[in-house]
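A.B. asks:
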C-alpha cells in the first residue's frame, strides 16, 4: 500500500487543529504527509501552527496565503501543487479521523473513482469536554459513548472494516461527495485542473463542482460509509443556501458537461 497526502482545510481554529492532528497520530497506516491548507489565518495563529509542527512527530507542511476573503479552493490548489504523494485525501480542520481513516481511503482507491466518506456530528457538550489525550486513546471510537453524548448520526461511527459486510457497503451507491471526507488520485485532479477558484462563497458548490466535473469525465463515486469515519467538532453551521454565483458555476458545469476548468491549478495569467 502506497502513501497519501492528507490535505486539511484550515482557518484560525487552533484548538480544533490540535484535535484533528491528535486523530492522525492514531492512524494504523503510517505512510502519509499532512498539508495544512491555511486560508489566511492571522499571524498569531500561524505562529501557533508552526509551534505545533515543530513539536509533532508527524510530517506536516503549512501552506498559507494572505487573507483575501473566502478562498478555500485557491489554497487547496496550492496544497495540491506542494503534495508529494500520488494519492490525495481531503479533510476539514474541524473533523477528527478514525484510526483507520487513511487506511480505508488507500485500500479502496481506484483509478476511476472519487471516494466519499461520512461523519458523526459531536454535540456541543461533547466537543467542549473533549481533550487531545482522550482522542489519542481512542475515546471517539467508542460508539456507545457517541450515543450517550447525543452525537448526531452517531451510528455513522460504527466501523465495519473488519467484517464481510464491507463488500456490501462498497457496492452501495453514495448520493454525493462531501469535501470534508473525500479522496482520489492526484492525476484525476490534474485532469480536471483542480478546484475551480471562482467559488468565493462557502458551504455549497466547491465539492459538488469537483464531483460534477469528474463524473463528466467518466469517474464514479465510491461509498466509504462505515469505513472512512470522522468526527465533526461542534460549531455553529453556516447557511446551506446556494449562493447565486456558486449556482451559476455548477449549473454551467452540468449543462456544458465541463471537465477541465480554466480557473484551476494551471490558470492562464
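In our numbering, the protein residues as written are 209 to 477.
For every residue, glycine included, the Cβ atom is placed at its ideal position computed from N, Cα and C.
Since this is a predicted model, take the numbers as computed values, not measurements.
1. Between residue 240 and the rest of its own chain, which residues show a CB-CB distance below 6 Å, the 5 nearest in sequence each way excluded?
2. Roughly how many whole angstroms lie between the Cα atoms of residue 451 and residue 384?
3. Give the DSSP-derived three-state secondary structure of residue 366 in the structure shown.
4. Could you give the distance in angstroms between the alpha-carbon of residue 244 and the alpha-carbon of residue 261?
5. For the beta strand (DSSP E) containing residue 218, list its first residue and its last residue.
6. Mind checking which residues open and close the alpha helix (DSSP H) that includes residue 342?
7. Could you give the first and the last residue of the continuous alpha helix (DSSP H) run that contains residue 233?
8. How is residue 296 classed by DSSP in three states: helix, strand or coil?
9. Give me the Cα-Cα distance between residue 472 and residue 436, rounded to the nearest whole angstrom.
10. Which residues share a DSSP beta bridge with residue 439?
11. Evaluate contact between the region 330–340 and the region 285–298, counting only Cβ atoms and requiring at least three cross-stretch pairs below 8 Å.
12. Could you tell me whether the Cβ atoms of residue 231 and residue 304 are closer together than 8 Å?
13. When the Cα atoms are used, what is the spatial distance from residue 453 to residue 407?
14. Under a three-way DSSP split, which group does residue 274 fall into?
15. In this structure, does DSSP put residue 401 in helix, strand or coil?
16. Using the Cβ count rule (16 or more neighbours within 10 Å means buried), how would you classify residue 427?
17. From residue 457 to residue 334, what distance separates their C-alpha atoms?
C.D. replies: The relevant details are as follows:
1. Excluding sequence neighbours, residue 240 sits near 211, 212, 214, 310.
2. 19 Å
3. coil
4. 10 Å
5. 212–218
6. 340–344
7. Counting along the chain, residue 233 falls outside any alpha helix (DSSP H), and DSSP gives it neither H nor E.
8. Three-state result, residue 296: strand.
9. The alpha-carbon atoms of residue 472 and residue 436 are separated by roughly 27 Å.
10. Note: residue 439 sits in a beta bridge opposite 304, 328.
11. Taking 8 Å as the limit for Cβ pairs, the verdict is that the region 285–298 does not touch the region 330–340.
12. Taking 8 Å as the Cβ cut-off, residue 231 and residue 304 qualify as a contacting pair.
13. 8 Å
14. coil
15. coil
16. buried
17. 38 Å
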